[in-house]
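Numbering (our numbering), first residue to last: 84 to 159.
Cβ coordinates follow ideal geometry from the N, Cα and C atoms, glycine included.
Here is the structure we will look at.
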């Protein structure tokens with residue numbers, strides 16, 4: 084029982100951090116590179132550098148895998 088609560092709390096934290104990164108990227112896009120502040124600018128630069136370094140095939144495979152997982156889970 085305690086392990087399930089700890090695992091659920093961990094996933095909640097992961098989801099919160101993911102949403103925070105997406106929010107920073109969105110604010111960086113809306114405000115532009117010079118107006119977002121140092122934190123938002125730093126998150127935006129790091130995320131873009133990560134996307135540039137990862138090969139396109141891996142991003143495509145990950146997207147397809149997540150999409151198939153979501154589709155199968157939705158039907159079950």
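Confirm, please, whether the CB-CB distance from residue 130 to residue 112 is below 8 Å. no
If you draw a straight line from the C-alpha of residue 110 to the C-alpha of residue 135, how long is it? 20 Å
Under a three-way DSSP split, which group does residue 120 fall into? coil
I'd like to know whether the C-beta atoms of residue 107 and residue 121 end up nearer to each other than 8 Å. No. Outside cutoff.
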